[in-house]
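Structure first, then comments.
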Amino acid sequence: MGEILSLSLKFTPTWELRKLWEIVDVRGGKDYKHLSEGDIPVYGTGGYMLSVNEALSYKEDAIGIGRKGTIDKPYILKAPFWTVDTLFYAVPRENYDLDFVFDLFQNIDWKKKDESTGVPSLSKTAINEIDVIVPKENEQKVVGAYFTRIDNLITLHQRKPQIKLGGYVDA
């Protein structure tokens, strides 16, 4: 608790309102079926699918967010990667921290942005027009790293029964 309090006291009150398009470049995935098997992971709305020999992004990490189907479960994509056409990938623009932007994506109510009457769907326009508040880059790095540590601790504690039971968990 003291660490959280001291963390919050280090920030300046200069967070600014921005549209998401100012923070990320939202790009569309593509069909992968013409590619050969390889070492580059292909992701869809449900996560990893298979590996191919080419990437849509060789150097830029991004955040995957569903275009069709599962639209409310963003996840980090480490380059190189390929995404299918049902998954957008959002590359943080210069001066925006990937982990912080991921935290923003996790706190958006994506289901309210659903534009469909059937299968949940998002559009680039709907994503780009979302309002968010952001601090300067140095504060983004601190906030992003802080929540990444918390996520890692949660994951570790969820895995404890598997470790204690030698990989067997009572479901």
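Per this note's numbering, the sequence shown runs over residues 370 to 540.
Think of the CB as a built atom: it goes at the ideal place given N, C-alpha and C, for glycine as much as any other residue.
Three-state secondary structure assigned by DSSP to residue i
| i | result |
| --- | --- |
| W451 | strand |
| L419 | strand |
| D483 | coil |
| I392 | helix |
| L446 | strand |
| K399 | coil |
| A424 | coil |
| G371 | Residue placement at G371 is poorly supported in this model, since its pLDDT is 45, which falls under 50; the coordinates still yield a value, given next. If DSSP states are grouped into helix, strand and coil, G371 belongs with the helices. |
| Y458 | strand |
| K510 | helix |
| A540 | Note that A540 scores a pLDDT of 48, beneath 50, so its modelled location is shaky; the value from the coordinates is reported in the next line. Residue state, collapsed to three classes: coil. |
| K505 | coil |
Between the CA atoms of residue j and residue i - distance to the nearest angstrom
| i | j | result |
| --- | --- | --- |
| A448 | F457 | 14 Å |
| E484 | R528 | 37 Å |
| G433 | L446 | 6 Å |
| D466 | A431 | 10 Å |
| H526 | G413 | 27 Å |
| K482 | S492 | 9 Å |
Local Cβ density within 10 Å of residue i, reported as buried at 16 or more and exposed below that
| i | result |
| --- | --- |
| A424 | buried |
| Y417 | exposed |
| Y401 | buried |
| G371 | Because the pLDDT of G371 is 45, which lies under 50, any placement of that residue in the model is unreliable, and the question is left without a value. |
Closest by C-alpha distance to residue i, when choosing among the options
| i | options | result |
| --- | --- | --- |
| G398 | F450, E498, N464 and F471 | F450 |
| D454 | V395, I523, A514 and T524 | V395 |
| G415 | G407, D441 and E406 | D441 |
| V393 | G413, V460, I434 and T452 | V460 |
| L404 | L473, T383 and V421 | V421 |
| N464 | P410, K482 and K510 | K510 |
Check: residue i C-beta below 8 Å from any heavy atom of the ligand GDP
| i | result |
| --- | --- |
| S426 | This structure lacks the ligand GDP, and indeed carries no ligand of any kind. |
Nearest-angstrom beta carbon gap, residue j and residue i [assumed within contact, 8 Å]
| i | j | result |
| --- | --- | --- |
| Q475 | P504 | About 17 Å; that fails the 8 Å criterion. |
| L389 | N497 | 6 Å |
| T517 | D468 | 5 Å |
| V512 | D472 | 7 Å |
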